[in-house]
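Numbering follows the working numbering, in which position 159 of the sequence shown is assigned residue number 461; successive positions increment by one, without gaps. All C-beta atoms, glycine included, are put in the ideal place defined by N, C-alpha and C.
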Amino acid sequence: MTHPFDLTGKTALVTGANTGIGQGIAVALAAAGADIAAAGRSAPAETQRAVEALGRRFVSIQADFGSTEPVARVVEEAVAALGGIDILVNNAGIIRRADSIDFSEDDWDAVMNTNLKTVFFLTQAVVRRMLEQGRGGKVINIASLLSFQGGIRVPSYTASKSGLAGLTKILANEWAARGINVNAIAPGYFDTNNTEALRADETRNRSILERIPAGRWGQPGDIGGAAVFLASGASDYVHGVTLPVDGGWLAR
Numbered sequence: 303m304t305h306p307f308d309l310t311g312k313t314a315l316v317t318g319a320n321t322g323i324g325q326g327i328a329v330a331l332a333a334a335g336a337d338i339a340a341a342g343r344s345a346p347a348e349t350q351r352a353v354e355a356l357g358r359r360f361v362s363i364q365a366d367f368g369s370t371e372p373v374a375r376v377v378e379e380a381v382a383a384l385g386g387i388d389i390l391v392n393n394a395g396i397i398r399r400a401d402s403i404d405f406s407e408d409d410w411d412a413v414m415n416t417n418l419k420t421v422f423f424l425t426q427a428v429v430r431r432m433l434e435q436g437r438g439g440k441v442i443n444i445a446s447l448l449s450f451q452g453g454i455r456v457p458s459y460t461a462s463k464s465g466l467a468g469l470t471k472i473l474a475n476e477w478a479a480r481g482i483n484v485n486a487i488a489p490g491y492f493d494t495n496n497t498e499a500l501r502a503d504e505t506r507n508r509s510i511l512e513r514i515p516a517g518r519w520g521q522p523g524d525i526g527g528a529a530v531f532l533a534s535g536a537s538d539y540v541h542g543v544t545l546p547v548d549g550g551w552l553a554r
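Okay, here's the thing in structure tokens:
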């Protein structure tokens, strides 16, 4: 290893890497030396081109994380293609918006299943493989500012991301001594598909920007440094942390 952030020889499974934050993370990990397995519903053609342009291997795995059904297959396909999994990034997630008084059970279940239930069981399956490999591993969950705050009109999203912050802690407690680091990143307001409705609302967009000390929405590339840190040897003594990458939002 030439420096503590070097990921040469490592393999990473990144969910939801076709666009946005997942794409930014996958490309950053590849730039640091990791080979990438990208799992999700949509073909990550743009991400694949960027990763392969960096000289890294890339495999695309089709999977709908709305249920746990694809979990075992995703792990097997990633291992078969890349020879193992050293890094797991749980990025795939969805959001549904409605006033809490009107929020439906279907929207509740859809978000909780994707953002929390499947994340747990995919992590469980990957960490079993990591332990078999015997070389440790890194798990990075993509949480949210709503792991710390309540938000409005997104009750299931807030519940799932608050739960994910708690899940990050318990898994770190159980697995730290076994060489597995479990941490999370809490992105702030990023320019992605999930925030399109907010950016299109002139009033909400202005109020959000007024609170961000950096004075701008985050771009997917802004998340890459934190992901490389948590995936690398530089974070070997970091466990159970939810790291905000938010342009200063929580400090305001």
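Would you say residue i lies against chain B (beta-carbon separation less than 8 Å)?
i, result
"alanine 528", "Here there is only one protein chain, and chain B is not present."
Please confirm whether residue i and residue j have their CB atoms less than 8 Å apart.
i, j, result
"glycine 542", "lysine 471", "yes"
"proline 489", "isoleucine 442", "no"
"leucine 466", "leucine 418", "yes"
"isoleucine 338", "alanine 355", "no"
"isoleucine 396", "alanine 382", "no"
"threonine 460", "alanine 394", "no"
"isoleucine 389", "lysine 312", "yes"
Roughly how many angstroms lie between the CA atoms of residue i and residue j, to the nearest whole one?
i, j, result
"aspartate 366", "glycine 481", "29 Å"
"alanine 336", "aspartate 503", "38 Å"
"glycine 438", "isoleucine 454", "39 Å"
"glycine 326", "asparagine 496", "15 Å"
"threonine 416", "glutamate 407", "14 Å"
"methionine 414", "serine 362", "25 Å"
"proline 377", "arginine 399", "For the record, residue 377 in the displayed sequence is valine; it is not proline. Each residue's Cα considered, the two are about 31 Å apart."
"glutamine 435", "valine 540", "21 Å"
"leucine 473", "alanine 486", "11 Å"
"arginine 513", "alanine 553", "10 Å"
What is the DSSP secondary structure of residue i, counted as helix, strand or coil?
i, result
"isoleucine 444", "strand"
"aspartate 548", "coil"
"asparagine 320", "coil"
"glycine 481", "coil"
"glutamine 364", "strand"
"glycine 527", "helix"
"glycine 520", "strand"
Strictly by DSSP, which residues pair up with residue i?
i, result
"threonine 313", "Asp337"
"alanine 488", "Pro546"
"valine 428", "Its beta-bridge partners do not exist; DSSP assigns none."
"valine 391", "Val316 and Ile442"
Exercise for the section: Examine the Cβ distances between the region 413-425 and the region 360-379 and report whether three or more of them are shorter than 8 Å. Expected result: In the pairwise beta carbon analysis, the region 413-425 is classified as touching the region 360-379: at least three pairs are separated by under 8 Å.
Problem - Stretch pair the region 514-524 + the region 535-549: three plus CB contacts closer than 8 Å - result: Put simply, the region 514-524 touches the region 535-549. At least three CB pairs are less than 8 Å apart.
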